[in-house]
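Heads up, the sequence shown stops at 119 in the numbering used here, and the numbers go up one at a time, no gaps. Even glycine gets a Cβ: it sits at the ideal position worked out from N, Cα and C. Every value quoted in this text rests on a predicted model; they were computed, and no experiment measured them. Report on the following structure.
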Amino acid sequence: VQLQASGGGLVQPGGSLRLSCAASGSISRFNVMGWYRQAPGRERELVASIPSGGSTNYADSVKGRFTISRDNAKNTVFLQMNSLKPEDTAVYYCMLRQASGTRYWGQGTQVTVSS
5 VQLQASGGGL VQPGGSLRLS CAASGSISRF NVMGWYRQAP GRERELVASI PSGGSTNYAD
65 SVKGRFTISR DNAKNTVFLQ MNSLKPEDTA VYYCMLRQAS GTRYWGQGTQ VTVSS
């Protein structure tokens with residue numbers, strides 16, 4: 005399984021970005037896709053996740069600002085990030101967890117929120 009993420013960049017506070025991540029390979033029918041982030045000096049943390057057939061889950065810090073969605077036919081997950089804050093600056097990683105529990109990670113994409 006391979007994950008290819010895109011969409012990061014530099015944005016001013018209050019701006020928006022949309023991340024995409026396409027998974028390829030042998031993917032179980034039931035799976036969970038999500039986004040994590042890691043800021044310098046901090047541990048990787050969950051941002052949002054969405055199963056192939058269920059409800060979404062968000063970190064408290066992004067609720068109301070970020071929206072995760074997916075296209076099951078294309079095994080692609082999206083993260084729409086609005087009202088971005090400097091504290092959202094981090095490397096964002098997409099993740100896929102198979103029904104077996106095995107996790108796969110994308111290569112990471114930098115998001116920088118700065119004026």
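Among the candidates the options, whose CA atom is the shortest distance from the CA of residue i?
{"i": "Gly57", "options": "Arg74, Val5, Phe82", "result": "Arg74"}
{"i": "Thr113", "options": "Gly12, Asn79, Met85", "result": "Gly12"}
{"i": "Lys89", "options": "Gly19, Ser10, Val5", "result": "Gly19"}
{"i": "Ile31", "options": "Glu91, Ala77, Ser118, Ser53", "result": "Ala77"}
{"i": "Val115", "options": "Leu7, Pro44, Ala27", "result": "Pro44"}
{"i": "Pro55", "options": "Ser119, Ser65, Ile72", "result": "Ile72"}
Could you spell out where the beta strand (DSSP E) holding residue i opens and where it closes?
{"i": "Asn35", "result": "35 to 42"}
{"i": "Leu21", "result": "21 to 28"}
{"i": "Gln84", "result": "80 to 85"}
{"i": "Gln16", "result": "That residue, Gln16, is in no beta strand (DSSP E); it is neither H nor E in DSSP."}
{"i": "Ser10", "result": "6 to 10"}
If you reduce the DSSP assignment to three classes, tell me which class residue i lands in.
{"i": "Glu47", "result": "coil"}
{"i": "Ile31", "result": "coil"}
{"i": "Ser56", "result": "coil"}
*Quick one: complete beta strand (DSSP E) runs, 3+ long, within the segment 63 to 119?*
Considered as a whole, the segment 63 to 119 harbours 70 to 75, 80 to 85, 94 to 102, 107 to 109, 113 to 117 as its complete beta strand (DSSP E) runs of no fewer than 3 residues, in chain order.
_Meets three-Cβ-pair contact criterion under 8 Å: the segment 97 to 112 and the segment 37 to 56_ = For the pair of segments examined, the segment 97 to 112 was found to touch the segment 37 to 56: the number of CB pairs separated by less than 8 Å reaches three.
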